[in-house]
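Here the numbering used here = 1-based position in the sequence shown + 137.
Glycine included, C-beta positions come from ideal geometry on N, C-alpha and C.
The next block holds one structure in the form of C-alpha cells; read it before the comments.
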Amino acid sequence: MTNLVILVGRIARDPETRTTQGGTSITSISVVTDRPARKDGKTYKDENGYTAKDKEFHRITCFNGLGQNVAKYCTKGQLVTVEGRIHYTQWEDQSGAKRYGCEIIADKVDFLTKGRSGSNEGAPDIDED
Numbered sequence: 138m139t140n141l142v143i144l145v146g147r148i149a150r151d152p153e154t155r156t157t158q159g160g161t162s163i164t165s166i167s168v169v170t171d172r173p174a175r176k177d178g179k180t181y182k183d184e185n186g187y188t189a190k191d192k193e194f195h196r197i198t199c200f201n202g203l204g205q206n207v208a209k210y211c212t213k214g215q216l217v218t219v220e221g222r223i224h225y226t227q228w229e230d231q232s233g234a235k236r237y238g239c240e241i242i243a244d245k246v247d248f249l250t251k252g253r254s255g256s257n258e259g260a261p262d263i264d265e266d
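Written out as C-alpha cells, the structure reads:
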C-alpha cells in the first residue's frame, strides 16, 4: 500500500512558520494547481480563447529542516514540486460539530523557479531528514 502525492504548482501565499512547545518547527504553505474546467463533460474556452481552468488549493505542512528551508527560500508565486503524503484529521469544533481536514505532509520540496532575493543559489532540492 502506498500514500504518495506529487504536486507541481505555485505557492499561493508566503510561508508561515510556527514552533510547537516541544520545539518542533512547522512551516505551512498553500500550493495552487489547476486543471481544465468542464461543462457538460467537455472542456471549454474562456472569454480570451484559452482553455478555462479550475484551481485547487492544497495545504502543505513541512517540518523542522525542510520547513526552515522552505520558509527561507520560498515566496508567493514560486513554482515548486512537492512530494509527500495525504494526512486527514478529524476534530470537534466549539459547538460540538465534527470537522474534517486534509493536508499534505511534505517529504521533499523542489524549487522550480527563483524565490526569495531572486536567487536559489545554495538552495538545493531538499528532503526532510
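Three-way DSSP call (helix, strand, coil) for residue i in this model
i      : result
Lys192 : strand
Lys182 : strand
Ala208 : helix
Proximity below 9 Å, CB of residue i to CB of residue j
i      : j      : result
Glu220 : Asp177 : no
Val207 : Thr170 : no
Gly204 : Ile148 : no
Phe200 : Val168 : no
Nearest candidate by alpha-carbon position, reference residue i, set the options
i      : options                        : result
Thr198 : Ile223, Thr226, Ala243, Tyr181 : Ala243
Lys245 : Thr226, Ala234, Ile143         : Ile143
Arg196 : Gly159, Thr139, Thr164         : Thr164
Gly238 : Thr226, Glu193, Lys209, Leu141 : Thr226
heavy atom of the ligand NAP below 8 Å from residue i C-beta
i      : result
Val207 : The model depicted lacks the ligand NAP and carries no ligand whatsoever.
Per-residue burial, residue i [other beta carbons within 10 Å of its own, 16 or more giving buried]
i      : result
Ile241 : buried
Pro173 : exposed
Ile223 : exposed
Beta-bridge pairing of residue i - partner residues as DSSP gives them
i      : result
Gln227 : Tyr237
Thr154 : Thr164
Thr250 : Thr250 is not bridged to any residue.
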